[in-house]
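Contents: one structure, followed by commentary.
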Amino acid sequence: MKDDSDWIPDAVDLEWVEANSVPPTAAVLAIEAAAGPLGVPIVDRHSGRVLAVLAGDRRRIVEVGTAYGHSTLWMALGQPADGTIVTIDPDHERTDLARGWWREAGIAEDRITVVTAKALEAFAGQEPALAGPFDMAFIDALKPEYEAYLDALIGGGRLAPGALVVADNVLWSGRVSGSRPAEPDDASTNALRRFSERVLGDERFTATILPVGDGLLIATWHG
Ligand SMILES: C[S@@+](CC[C@H](N)C(=O)[O-])C[C@H]1O[C@@H](n2cnc3c(N)ncnc32)[C@H](O)[C@@H]1O
7 MKDDSDWIPD AVDLEWVEAN SVPPTAAVLA IEAAAGPLGV PIVDRHSGRV
57 LAVLAGDRRR IVEVGTAYGH STLWMALGQP ADGTIVTIDP DHERTDLARG
107 WWREAGIAED RITVVTAKAL EAFAGQEPAL AGPFDMAFID ALKPEYEAYL
157 DALIGGGRLA PGALVVADNV LWSGRVSGSR PAEPDDASTN ALRRFSERVL
207 GDERFTATIL PVGDGLLIAT WHG
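Under our numbering, the first residue of the sequence shown is numbered 7, with each subsequent residue one higher.
As structure tokens, this is what we get:
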């Protein structure tokens, strides 16, 4: 092990990674440009690149929380050419725009199915597109519902053996670990902490958290 354990990567390191990476496709840039001024929360560029790598051998992906389809697009670009994604978001104005950007990126229409609903209602309602089994699940919607999304994935038999579960925002700008202060009764912080502690401590998963973006939990399902 290297003997400089007090060193942690900073913005310069991330800029170096970005400067040496294949430039993002025009549709990714268009989504970033549209989301920023409106404050639509999307994964950052580095997290997008991680999602693309993780999606590399995953044919069937389910995503909870589409917004402008930025994370969807990164995963679609990383997937095999016959890979499919089912993505859930009740906000059709956002997902209608997302479809345009996916088209611009050359993603075949039949690869991405949008379920316009609240995720827990869609899972409970036996929506056929959500039957699974999925090889990867990406969770990025309401923070207090993360555990319930996981329950719907596990309890509903929607995770294939070896499936990868990924969740965004699990460090929540330091509030989950306490490296930055949080209000004691902050529902999102408390829910995200419970969610991560549960997955990290569940022997049916091999799991860790990548300190990328706002924290990406990655977990392989062995249940
Ligand atoms: C953080 S954004 C998703 C960002 C997207 N994953 C990306 O990085 O490009 C969260 C999205 O969850 C959606 N959302 C809100 N309530 C939801 C629910 N009950 N079920 C599913 N999605 C929900 C919001 O409309 C919003 O677009």
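Just so it is clear, CB atoms sit at the ideal spot from N, CA and C, and this is done for glycine as well.
TODO: Buried or exposed for Asp220, please, with buried defined as at least 16 other CB atoms from any protein chain shown within 10 angstroms of its CB.
DONE: Asp220 comes out buried.
Task: Stretch-stretch touch, CB-based, cutoff 8 Å, three pairs: the stretch 81-94 with the stretch 123-142 - done: Enough Cβ pairs lie closer than 8 Å, so yes.
- [ ] Could you tell me which residues DSSP puts in a beta bridge with Arg66?
- [x] DSSP, once it has assigned bridges, lists Thr90 as partnering Arg66.
Task: Short Cβ contact (9 Å threshold) for Leu198 with Trp227 - done: 9 Å or more divides the Cβ of Leu198 from the Cβ of Trp227.
TODO: Would you kindly check if the distance between the Cβ of Leu223 and the Cβ of Ala213 is under 9 Å?
DONE: Yes, the Cβ-Cβ distance between Ala213 and Leu223 is below 9 Å.
- [ ] Report yes if the C-beta of Gly75 is less than 8 Å from at least one heavy atom of ligand 1; otherwise report no.
- [x] Yes, the beta carbon of Gly75 sits closer than 8 Å to at least one heavy atom of ligand 1.
TODO: Tell me where the beta strand (DSSP E) around Thr214 begins and ends.
DONE: Looking at the DSSP string, the run of the beta strand (DSSP E) that includes Thr214 is Phe211 to Leu216.
TODO: Decide if the stretch 30-41 is in contact with the stretch 70-77; the criterion is three or more beta carbon pairs, one per stretch, under 8 Å apart.
DONE: Remark: three or more beta-carbon pairs, one from each stretch, lie closer than 8 Å, so the stretch 30-41 and the stretch 70-77 are flagged as touching.
Open item on the list: Using only the alpha-carbon positions, how far apart do Glu24 and Asp50 sit?
Closed with: Those two C-alpha atoms are separated by around 12 Å.
Open item on the list: In this structure, how does DSSP classify Pro134 when only helix, strand and coil are distinguished?
Closed with: Here Pro134 sits in helix by DSSP.
Task: One or two residues paired with Ala173 in a DSSP bridge - done: Per DSSP, Ile145 and Leu223.
Task: Cβ neighbours of Val68 in the same chain (closer than 6 Å, five flanking residues each side left out) - done: If we look at Val68 and ignore the five residues flanking it on each side, its Cβ neighbours are Val92, Phe140 and Ala143.
Task: Nearest candidate by alpha-carbon position, reference Ile160, set Pro190, Asp191, Phe211 and Ala135 - done: Here the closest residue by C-alpha is Phe211.
TODO: Apply the 10 Å Cβ neighbour rule to Val121 and answer buried if 16 or more other Cβ atoms are within range, or exposed otherwise.
DONE: Its Cβ being crowded by 16 or more others within 10 Å, Val121 is buried.
Open item on the list: Let me confirm a value: Glu151 is counted as buried when at least 16 other C-beta atoms fall within 10 Å, else exposed. Which label applies?
Closed with: The residue is buried, with at least 16 neighbouring Cβ atoms inside 10 Å.
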